[in-house]
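Structure first, then comments.
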Amino acid sequence: MPDTLVILAFEASADQATAAVIMSGGRRAMHHHQARHGHAAVITGLAEAALQDCGLEARAITHVAAGCGPGSFTGIRVALSAAKGFQLACDAQPVGLSCLLVAAANWRNAHDANGRNVHDANGRNVHDEDGLLVASADTRRGSYFCQAFGPDNAPIGAILDIDPQAVAAGETDLPDAWHGARIIGPGAAPLAAVCGGRLVANDDAAPVDAMQIAQLASIMIADEVALPPLQPLYVAPAFLGPPRG
Numbered sequence: 738m739p740d741t742l743v744i745l746a747f748e749a750s751a752d753q754a755t756a757a758v759i760m761s762g763g764r765r766a767m768h769h770h771q772a773r774h775g776h777a778a779v780i781t782g783l784a785e786a787a788l789q790d791c792g793l794e795a796r797a798i799t800h801v802a803a804g805c806g807p808g809s810f811t812g813i814r815v816a817l818s819a820a821k822g823f824q825l826a827c828d829a830q831p832v833g834l835s836c837l838l839v840a841a842a843n844w845r846n847a848h849d850a851n852g853r854n855v856h857d858a859n860g861r862n863v864h865d866e867d868g869l870l871v872a873s874a875d876t877r878r879g880s881y882f883c884q885a886f887g888p889d890n891a892p893i894g895a896i897l898d899i900d901p902q903a904v905a906a907g908e909t910d911l912p913d914a915w916h917g918a919r920i921i922g923p924g925a926a927p928l929a930a931v932c933g934g935r936l937v938a939n940d941d942a943a944p945v946d947a948m949q950i951a952q953l954a955s956i957m958i959a960d961e962v963a964l965p966p967l968q969p970l971y972v973a974p975a976f977l978g979p980p981r982g
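Quick note on our numbering: the sequence shown kicks off at 738 and runs consecutively.
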């Protein structure tokens with residue numbers, strides 16, 4: 738790990754574009770553009786503003802991270818394009834992260850209970866003893882990308898595309914292993930409402946942003962684990978819902 742760590746991170750897979758900087762010693766900054774569209778026009782400026790807030794020039798960057806999806810195809814491309822541009826220009830190390838993994842890691846970091854002792858509306862403990870956590874992201878097609886993570890934030894199973902209406906109609910079902918798991922993200926309430934108490938919704942998860950990505954990247958760098966490349970997660974798994982015409 739370099740003596741002075743400077744991570745520049747990008748995220749634009751949902752309804753905002755963000756760029757953040759974390760550096761050794763704890764100094765950090767983030768700028769955001771709260772809009773569903775127009776990310777390409779502003780994302781470089783967001784990065785430059787975050788660097789300026791930290792008193793840095795681009796040549797100080799040691800790592801460039803980005804959210805790789807799943808989410809908006811256009812937003813993913815915008816974040817990755819900006820990240821790759823800075824990474825190549827600064828000869829920095831790339832770090833590509835799943836936004837579902839980032840959401841799960843951030844939620845766990847913000848809570849003390851490690852996912853246990855969760856109760857439904859009737860007071861029953863319904864949480865899986867292994868602390869399973871399902872993170873979700875909006876597909877913008879009426880369904881949600883979902884993936885389960887264990888207590889160590891290791892992914893359990895593939896990313897699924899789940900339609901709440903199909904679950905409600907009995908046309909599809911959730912994985913058996915998810916029974917009693919917490920679910921976070923935009924799909925939490927819609928999916929928990931139709932699954933007969935098999936999921937426990939937590940609607941307190943903050944939307945994934947560049948600061949969360951930078952924080953997870955810094956942990957991975959400190960732990961000296963292999964850093965994933967800046968490659969898009971254009972998920973096209975088996976769709977859990979009725980056939981599309």
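Each residue gets a CB set at the ideal place from its N, CA and C atoms; glycine is no exception.
Computed from a predicted model, the values in this text were never measured in an experiment.
What are the residues that DSSP puts in a beta bridge with residue i?
i, result
"Pro912", "Note: Pro912 sits in no beta bridge, so no partner."
"Ser873", "Cys883"
"Asn939", "Ile921"
"Thr755", "Glu748, His769"
"Gly804", "Leu834"
"Val743", "Met760"
In this structure, does DSSP put residue i in helix, strand or coil?
i, result
"Cys836", "helix"
"His856", "Confidence in His856 is poor, its pLDDT being 43 and thus under 50, which makes the residue's placement too unreliable to answer from."
"Asp865", "Residue confidence is low: Asp865 scores 42 on pLDDT, short of 50, so the model does not pin down where it sits. Its coordinate-derived value is still stated next. Note: Asp865 maps to coil in three-state DSSP."
"Leu897", "strand"
"Pro965", "coil"
"Pro892", "strand"
"Val945", "coil"
"Asn851", "Here the model assigns Asn851 a pLDDT of 46, short of 50, so the residue's position is not dependable, and the following value carries that caveat. Reduced to three states, the DSSP call for Asn851 is coil."
"Ala906", "coil"
"His776", "helix"
"Ile790", "Here the sequence assigns Asp to residue 790, which means Ile is not the residue at that position. Here Asp790 sits in helix by DSSP."
"Arg878", "coil"
"Thr781", "helix"
"Cys827", "helix"
"Ile956", "helix"
"Leu817", "helix"
"Val931", "helix"
"Thr811", "helix"
"Ile798", "coil"
"Leu970", "coil"
Of the residues the options, which one's Cα is nearest the Cα of residue i?
i, options, result
"Val758", "Gly806, Val871, Arg935, Leu953", "Leu953"
"Gly933", "Ala885, Asp941, Ala918, Ala942", "Ala918"
"Gln789", "Pro901, Met760, His776, Ala914", "Met760"
"Gln824", "Leu970, Pro966, Val972", "Pro966"
"Ala777", "Val815, Leu838, Val832, Ala905", "Val815"
"Leu897", "Ala872, Gly907, Ala756", "Ala872"
"Gln728", "Gln830, Cys791, Ala842", "Since the first and last residues shown for the chain are 738 and 982, residue 728 lies out of range."
"Ile773", "Thr811, Gly762, Ala795, Ala787", "Strictly speaking, residue 773 in this sequence is Arg, with Ile absent from that position. Ranking Thr811, Gly762, Ala795, Ala787 by Cα distance to Arg773 puts Thr811 first."
"Trp915", "Gly868, Arg878, Gly808", "Gly868"
"Ile798", "Ser809, Glu785, Ile813", "Glu785"
"Gly906", "Arg877, Leu928, Leu817", "The identity of residue 906 in the sequence shown is Ala, whereas the question assumes Gly. Measuring from the Cα of Ala906, the nearest candidate turns out to be Leu928."
"Arg878", "Ala891, Ala895, Asp900", "Asp900"
"His769", "Val904, Ser818, Pro892, Gln753", "Gln753"
"Ala829", "Ser818, Ala795, Ala756", "Ala795"
"Ser880", "Ser955, Ile813, Gly808", "Gly808"
"Gly706", "Ala756, Gln771, Arg765, Ala766", "Residue 706 cannot be examined here, being either before or after the span of the chain that is shown, 738 to 982."
"Arg765", "Asn939, Tyr971, Val779, Leu742", "Leu742"
"Tyr680", "Leu817, Val937, Gly775", "Since the first residue of the chain shown is 738 and the last is 982, residue 680 is not available in this structure."
"Gly775", "Gly792, Gly762, Phe882, Ala751", "Ala751"
"Leu964", "Ala819, Pro831, Met767, Ala820", "Pro831"
"Leu837", "Gln771, Ser955, Leu870", "Leu870"
"Gly763", "Pro969, Ala951, Gln968", "Ala951"
"Asp941", "Gly806, Arg935, Ala840", "Ala840"
May I ask whether a heavy atom of the ligand COA can be found less than 6 Å away from the beta carbon of residue i?
i, result
"Gln884", "Among the components of this structure there are no ligands whatsoever, and the ligand COA is therefore not found."
Discussion item. Contact between the segment 740-748 and the segment 801-813 is defined here as three or more beta-carbon pairs at a separation below 8 Å; is this criterion met?
Written reply: Between the segment 740-748 and the segment 801-813 there are three or more inter-stretch CB-CB distances shorter than 8 Å, so the stretches are counted as touching.
Worksheet item: How do the segment 932-949 and the segment 959-972 stand: do at least 3 beta-carbon pairs fall below 8 Å, yes or no?
Response: The segment 932-949 is not in contact with the segment 959-972.
Discussion item. Whether or not the segment 923-938 and the segment 840-850 are in contact is what I'm after, with contact meaning three or more pairs of Cβ atoms, one per stretch, closer than 8 Å; do they touch?
Written reply: No, the segment 840-850 does not touch the segment 923-938.
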